[in-house]
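The structure appears right after this line, and notes come after that.
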Amino acid sequence: MKPPPFDYHAPTSIEQALAVLAEVGAHGKVLAGGQSLIPLLNMRLAAPDHLVDINRVAGLDAVEAEPGGVRVGALARHAAVERSAAVRSAQPLIGQALRLVAHPVIRNRGTVVGSLVHADPSAELPAVLALLGGSVRLARVDTERDVAAEDFFVGPLESATEPGELAVSAFFPALGRRTGTAFVEVARRHGDFAMAGVAALVGLDDEGAVMSARVACISVGPAPVVVDVSAQAPDWKAAARAVQDRIEPEGDIHATADYRRHLTGVLAERALTQAAADA
Amino acid sequence: MPDLHEISLIVNGVVREVTVPARRLLSDCLRHDLGLTGTHVGCEHGVCGACTILLDGEPARSCLTLAVTAAGHEITTVEGLAGDDGPSAVQRAFRECHGLQCGFCTPGFLCTATALLRENPAPTDEEVVEGLSGNLCRCTGYQNIVKSVHRAAELLAEES
């Protein structure tokens, strides 16, 4: 239960970090909060030759309101994002999700962008980014690109981040007018990864009728599963059935595939009802 | 042989110089290199909370932090909670309310509770339970730990 040996790099600027990442390429791994990576190292499930610790890189911890949403820097810890007034006013779904991420002590160190890059299909934040249609900014020496959430989550623990790239920030679109959100999940123990979980986004028109309704489901596919249920709205039972038809859960030691499908249906109805009431 | 790193950590108010390989966990650095065995190591993957220390005043898992990442930062371990005049209010409350049995998880609970009360001097039951939710105890059933945190809040209020 100790990390395997690696060469350690501690850049202090983004330029230095990108230069190191370019040099070590596929043999390098970025360390930010370490709340997912260090367990993987301790259990020897990951053994990178080079670890690029970005904790000393200046300017990466910003959480800023931008036109149309909020941008979260690579070193912004979950706890700081949870406390941010800019995030609260721009997009309440982020806070609703963060309350479900592990425990407060883990949230003191873990980072939002790190969770996105880690791309765990059971994690809450990838579902938030996918549901909102956000994006991740990936930088490499001399260039950067924004990757939309739908292209970013490639598979279990696999994001579109390529060797030599650093995820420098993520953009979460703001909540629209008359739009409500909710995030509900079921975990065996408080703070554990969820057996199933659903984030919902419901938008109403001026008369209060549902214009759009979408959910993102976790732990029931290789990546967050986004389902548009605008056609079923406001019959949330029918919407839940549509969601159940779309997901492809797998059974494991924690829950059978059937149980995950059942939970996802129940949670979808609950999340959509809450989000509609919140709109 | 990977490179060794000379780092300095401010542990319980004292600057400590130490030479470690990059892969040294902060928990092992504190215990093995600095001889501070009050920080206990349980699961070594962030689940049990026994190794919780305060990093710049905020609770963090020392088993999920590399010593080299913590270089230059302030660390408080359970050994640093007591003052010159004896155990801290949180420590006295745990003693008074039987907030421990075997004591293995206690250093983590003490550090977590210390930070919790600093941020929220009068927490509700729910806030205490949420605040301690990342620490496991296999003896007490938690009831007396929750009582201890409330008692510590009273002691801190009386003493301030």
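First to last, the protein sequences are chains A and B.
Adding 8 to a residue's 1-based position in the first sequence gives its number in my numbering.
Adding 5 to a residue's 1-based position in the second sequence gives its number in my numbering.
Quick reminder that beta carbons are idealized off the backbone N, C-alpha and C, glycines included.
Please read all numbers here as calculations on a predicted model, not as lab measurements.
- In this chain, A:Phe180 is not harboured by any alpha helix (DSSP H); it is covered by the beta strand (DSSP E) spanning 174 to 181.
- Only buried fits A:Gly118, as 16 or more other CB atoms lie within 10 angstroms of its CB.
- Identification of chain B residues near A:Leu83 by a Cβ-Cβ cut-off of 8 angstroms yields none; the smallest Cβ-Cβ distance measures about 12 angstroms.
- Going by DSSP, A:Cys225 is part of the beta strand (DSSP E) stretching over 218 to 226.
- A:Gly199 reaches chain B at Ser138, Gly139, counting residues in chain order whose Cβ is nearer than 7 angstroms.
- Between the region 179 to 186 of chain A and the region 140 to 159 of chain A, the count of C-beta pairs closer than 8 angstroms reaches three or more; the two stretches touch.
- Between B:Asn149 and B:Gly104 a beta carbon distance of about 5 angstroms is seen, short of the 8 angstroms cut, so the two are scored as contacting.
- Of the residues assessed, B:His45 falls on the buried side of the cut-off, its CB having 16 or more other CB atoms within 10 angstroms.
- For A:Gly163, the enclosing beta strand (DSSP E) covers residues 161 to 163.
- B:Pro126 and B:Glu159 have their alpha carbons spaced roughly 9 angstroms apart.
- When secondary structure is reduced to three states using DSSP, A:Lys245 falls in the helix class.
- Beta-bridge partners of B:Ile12 (DSSP): B:Val23.
- The beta-bridge partner set that DSSP reports for A:Arg79 consists of A:Glu72, A:Phe179.
- A:Val210 and A:Val274 have their C-alpha atoms roughly 17 angstroms apart.
- Using a Cβ-Cβ cut-off of 9 angstroms, A:Ala66 does not count as an interface residue toward chain B, since no Cβ of chain B sits closer than that to its own.
- Under the Cβ criterion of 9 angstroms, B:Cys68 is counted among the residues facing chain A.
- Looking at the DSSP output, A:Ser167 sits in a beta bridge with A:Phe161.
- Looking from the CA of A:Ala279, the closest CA among A:Asp266, A:Asn50, A:Lys245 belongs to A:Lys245.
- For B:Glu49, a Cβ of chain A is located within less than 9 angstroms of the residue's own Cβ.
- Contact of B:Val73 with chain A by beta-carbon distance below 8 angstroms involves Tyr16, Ala18, Asp61.
- With a threshold of 9 angstroms between beta carbons, B:Ala27 makes contact with chain A.
- A:Arg145 has A:Asp154, A:Ser177 as its beta-bridge partners, per DSSP.
- Counting C-beta pairs closer than 8 angstroms gives fewer than three between the region 89 to 102 of chain B and the region 26 to 42 of chain B, which falls short of the contact rule.
- Contact between B:His78 and A:Asn50 is absent: CB atoms are separated by about 21 angstroms, not below the 8 angstroms threshold.
- Cβ proximity to chain B below 8 angstroms picks out Ala110, His111, Pro112, Val113, Ile114, Asn116, Arg117 from the region 101 to 130 of chain A.
- Taken through DSSP and simplified to helix, strand or coil, A:Arg64 comes out as helix.
- With respect to A:Arg148, A:Leu174 sits close: the two C-beta atoms are nearer than 9 angstroms.
- In this structure, DSSP gives A:His86 a helical state, which the three-state scheme calls helix.
- Membership of B:Thr111 in the alpha helix (DSSP H) is indicated by the continuous run 111 to 124.
- Within chain B, the C-beta atoms nearer than 9 angstroms to that of A:Ile46 come from Leu30, His50, Gly51, Arg66, Cys68, Leu69, Thr70, Leu71, in chain order.
- Listed in chain order, the non-local C-beta contacts of B:Leu121 below 6 angstroms within the same chain comprise Gly136, local neighbours out to five positions each way being set aside.
- Rounded to whole angstroms, the separation of the alpha carbons of B:Val20 and B:Cys107 is 32 angstroms.
- In the DSSP assignment, B:Phe99 falls within the alpha helix (DSSP H) that extends over 94 to 101.
- Residue range 112 to 117 is occupied by the alpha helix (DSSP H) that includes A:Arg115.
- A:Gly33 and B:Val133 have their alpha carbons spaced roughly 45 angstroms apart.
- By the Cβ test, the region 13 to 27 of chain B is in contact with the region 59 to 75 of chain B, since at least three Cβ pairs between them sit closer than 8 angstroms.
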